[in-house]
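In this text, residue positions in the first sequence follow the working numbering: the first is 14, and each later residue adds one.
The beta carbon of each residue, even a glycine, is placed where N, CA and C say it ideally should be.
Accompanying notes for the structure given below.
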Amino acid sequence: MLDSWLEQKISDSVNDLLKEKGSAQSSRELLPKGVRIEFPKKNGFGDLASPVAMHLAGPLKMAPRTIAVELEKRLSLLKEISRVEVAGPGYLNITFSLDFLHECLNNLLDTARSPVSPVSSPKKILIEYVSANPTGPLHVGHGRGAAYGNSIARILKTLGHEVTSEYYINNAGNQMDLLARSTYLAWRGLQENLSEEERLKILPDGSSYQGSYVTDIAKEILENPSLLSDEERRLALAGMEHSSRFLGRFSEIAEDRIMQGIRRDLIRFGIEFDRYFSEKNLHAPDPADGKSLIDKCLGEISEFSRSSKTAGEEGIPDLFEEEGALWLRTSLLGDDKDRVLRKGDGNLTYYAADIAYHREKIAQGHDLYIDVWGADHHGYILRMQAAMKTLNALKGTRAELKVALIQLVNLLRDGKPVGMSKRSGDFVTLSDVLDEVGVDATRFLYLTRSHESSLDFDLDLAKSKSMDNPVYYVQYAHARVANLLKQAEIRGIKVPEKWTPAHLSPLVGDDEKALILLLDRFDLVVSECGSMMEVHPLTDYLTELAGQFHRYYFHNRILSPESGGEPLILARLALSSAVGRIIRFGLSLLGVSAPESM
RNA sequence: GCGCCUGUAGCUCAAUCGGAUAGAGCAACAGCCUUCUAAGCUGUAGGUCACUGGUUCGAUUCCAGUCAGGCGCACCA
């Protein structure tokens with residue numbers, strides 16, 4: 014809040030200066046990116062600093078230091094600022110008055126106000142994440158996408174956006190067929206010794222899903238007679254000749270059980286979706302006209318391609334038929350080649366379904382669509398962006414699509430990578446990791462790095478309850494604050510219902526000032542997370558805040574100061590509880606608990 | 001071959017969409033518990049920001065090229 018306040022004041026001063034110079038221009042015109050405010054890393058450069066005089070030097074044709082001195086004259090008149098210094102090539106180093114800092118801290122203590130200010134123009138956002146195929150339990154890679162997507166959603170919501178979250182269930186296509194066959198194979202295997210020949214009939218290319226969950230589902234089907242009809246069971250036992258009559262049932266049951274497991278893992282991980290969207294719904298024919306949503310979508314694009322003058326040019330891909338297939342001209346947007354929607358054999362591609370899915374998204378009228386994908390899908394981004402252009406053009410919408418790619422997770426134990434092969438079934442599931450290290454550490458550690466960097470997830474570190482482990486470091490700071498307030502109560506210290514700046518006036522130490530400045534920055538950190546679509550600035554910030562508080566706590570006897578009496582005790586308690594509040598709030602955005610004691 | 005991500009201290013990573021002397025945490029070394037939680041704190045040491053050019057008042061940041069690692073390049077999903 015201090016930064017936006019200062020930005021405004023400097024902007025005013027610049028306008029004032031321009032007016033005096035007889036210029037018709039405004040600060041906004043000369044500084045399209047706004048007045049830059051920096052947080053000096055080192056002491057001695059003021060509380061906040063701005064290089065704005067350097068930025069203005071070019072357009073105004075004046076020396077940066079001359080501009081800085083002019084701005085200094087105006088800024089130093091403000092009672093909120095105790096000192097302005099022109100330094101280096103033309104920096105403005107600003108030091109705030111203590112009264113003003115106390116006022117800011119008082120705002121942070123006011124539980125009626127959110128410590129995060131809302132964005133000026135809230136958007137309607139749909140975020141799709143996880144969307145793991147229902148062919149097996151969530152693994153550690155999915156977990157990272159889940160933690161990221163969920164925290165971004167929480168952050169955007171806190172910033173005042175209207176956020177809906179969605180999970181796309183890829184339950185149509187070959188991999189579901191393979192799952193059904195794998196389950197069927199396991200089910201047969203439980204009842205008889207299958208010949209190699211029979212196995213090959215069930216799984217012609219030999220590969221299958223082999224995790225223990227497949228056997229579990231097969232066992233359940235075997236032990237619960239009501240899952241299959243007598244007819245289905247009879248045909249299934251007879252072999253693959255009538256597979257079309259029973260494989261669908263195996264597929265349904267397997268998908269249902271796996272999705273149940275996925276939902277259970279997600280809830281345990283602190284994640285609930287507003288909606289699950291099933292790919293099957295896109296393929297199902299509408300009883301009214303016999304057409305599926307995909308048919309309708311392709312029909313619309315096809316009609317648009319014929320009738321619209323812009324289709325096929327100006328970066329708006331159109332639809333065309335060639336070599337017996339149906340294509341979208343994605344090469345218009347720099348794709349290596351055009352992409353197939355309906356194959357020569359008449360079957361639809363995954364891409365076609367995904368376009369229809371995004372058409373359904375657009376129909377809901379959001380401003381921004383966020384898709385969170387694994388990094389291995391990056392080749393798909395251009396294609397999807399191309400389809401969005403076409404959809405926007407034909408729908409007359411301006412929906413924006415942002416894709417966040419989540420890089421790989423390397424799971425380490427004893428410093429060595431843990432193998433994760435889905436085929437052999439020995440991969441580590443999210444659930445295993447949660448059993449071993451818990452939800453809090455898992456979520457926090459997933460979010461300590463930019464999603465664009467691959468992440469080493471050290472199981473031993475995650476488990477360790479020591480200072481190496483940032484999540485304990487941060488949570489411990491919160492527990493310390495809670496304990497201080499409890500101790501104060503035990504000692505009969507009465508904490509006021511509502512704090513006022515007068516309560517805070519004893520806070521004059523350098524470390525106290527620094528803590529207030531750091532607390533004040535929280536607002537900006539969260540808003541940056543939102544605009545950059547990154548979560549790790551928040552985990553970094555919380556670690557820094559916790560560290561600064563631990564140091565403060567160590568060096569200052571909060572409940573029994575050397576001197577200063579009750580007013581100082583109260584003031585320090587106020588500062589501590591502000592720290593507690595911000596840590597609690599920040600952890601909640603990460604989906605991590607803030608314990609009262611540890 | 002083409003595309004995307006990454007290259008910063010011994011290790012894992014930051015660096016506020018071009019700014020001041022590039023910062024943390026581990027690990028190493030030297031210290032601090034009669035106290036509101038030592039799950040903590042203090043100090044020392046550690047760097048050719050992969051390399052080479054370019055853009056400008058200024059580059060770890062932007063551009064081009066080179067090298068290295070990861071991932072992806074289907075009428076699969």
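Residues near residue i by beta carbon distance below 7 Å, same chain, minus five either side
| i | result |
| --- | --- |
| Val227 | Ser195, Thr196, Ala199 |
| Ala338 | Val353, Arg355, Lys356, Gly357 |
| Asn670 | What is shown of the chain runs 14 to 611, which leaves residue 670 out entirely. |
| Leu421 | Gly154, Ala388, Ser467 |
| Glu525 | Leu588 |
| Ala501 | Val508, Leu572, Leu586 |
| Ile284 | Ala159, Asn163 |
| Leu203 | Ala231, Lys232, Leu235 |
Outcome for residue i when other beta-carbon atoms lying within 10 angstroms are tallied against a minimum of 16
| i | result |
| --- | --- |
| Asp471 | buried |
| Glu547 | buried |
| Phe317 | buried |
| Asp331 | buried |
| Met189 | buried |
| Gln21 | exposed |
| Pro217 | exposed |
| Asp243 | exposed |
| Phe567 | exposed |
| Gly392 | exposed |
| Ser305 | buried |
| Ser320 | exposed |
| Met611 | exposed |
| Asp448 | exposed |
| Pro128 | buried |
| Tyr142 | buried |
| Ser89 | exposed |
| Leu404 | buried |
| Leu213 | exposed |
Beta-carbon spacing of residue i, residue j below 8 Å
| i | j | result |
| --- | --- | --- |
| Leu443 | Ser164 | no |
| His464 | Ile596 | no |
| Leu192 | Ser144 | no |
| Arg456 | His549 | no |
| Ile307 | His296 | yes |
| Leu602 | Leu558 | no |
| Leu586 | Ile571 | yes |
| Val592 | Leu528 | yes |
| Phe259 | Val452 | no |
| Pro574 | Leu581 | yes |
| Leu395 | Asp348 | yes |
| Ala400 | Ile329 | no |
| Leu30 | His68 | no |
| Gly252 | Glu209 | no |
| Ser590 | Leu520 | no |
Spatial neighbours of residue i in its chain, beta-carbon cut-off 6 Å, leaving aside the 5 residues before and after
| i | result |
| --- | --- |
| Tyr135 | Per the sequence shown, the amino acid found at residue 135 is Pro instead of Tyr. Taken in chain order, the residues that qualify are Gly173, His174. |
| Val27 | Ser40 |
| Pro514 | His115, Glu116, Asn119 |
| His255 | Leu248 |
| Ser606 | Asp453 |
Same chain only: Cβ atoms within 8 Å of residue i, ignoring 5 sequence neighbours per side
| i | result |
| --- | --- |
| Pro131 | Leu172, Gly173 |
| Ser437 | Residue confidence for Ser437 is low, a pLDDT of 45 falling below 50, so the modelled location carries little weight and cannot support an answer. |
| Trp512 | Asn119, Leu122, Asp123, Ala587 |
| Lys170 | Val176 |
| Glu541 | Glu547, Pro550 |
Three-pair Cβ contact test at 8 Å for the segment 323-337 versus the segment 376-391: no
Original post:
Taking one C-beta from the segment 198-217 and one from the segment 228-235 each time, how about it: are there three or more such pairs within less than 8 Å?
Top reply: yes
Count Cβ pairs between the segment 97-113 and the segment 49-68 that sit closer than 8 Å; are there 3 or more?
yes
message = Three Cβ pairs or more, each shorter than 8 Å: is that satisfied between the segment 271-286 and the segment 364-373?
response = no
Would you mind listing the beta strand (DSSP E) stretches within the segment 409-492 that are 3+ residues and don't spill past its ends, in chain order?
413-419, 422-426, 468-471
Would you check if the segment 481-488 and the segment 74-94 touch, i.e. whether three or more CB-CB distances between them fall below 8 Å? no
| Start-end ranges of the beta strand (DSSP E) lying completely within the segment 136-191, minimum 3 residues | 137-141, 175-182
task: Quick one: which unbroken beta strand (DSSP E) runs of 3-plus residues sit fully inside the segment 360-412? Chain order, please.
output: 381-387
> Where in the segment 502-558 do unbroken runs of the alpha helix (DSSP H), each at least 4 residues long, occur, reported from the N-terminal end onward?
Replying inline: 514-517, 523-545
| query | Could you give the uninterrupted runs of the beta strand (DSSP E) lying entirely in the segment 273-297, keeping only those of 3 residues or more? | reply | 288-291
Any alpha helix (DSSP H) of 4 or more consecutive residues that is wholly inside the segment 54-127 | 65-73, 77-88, 111-122
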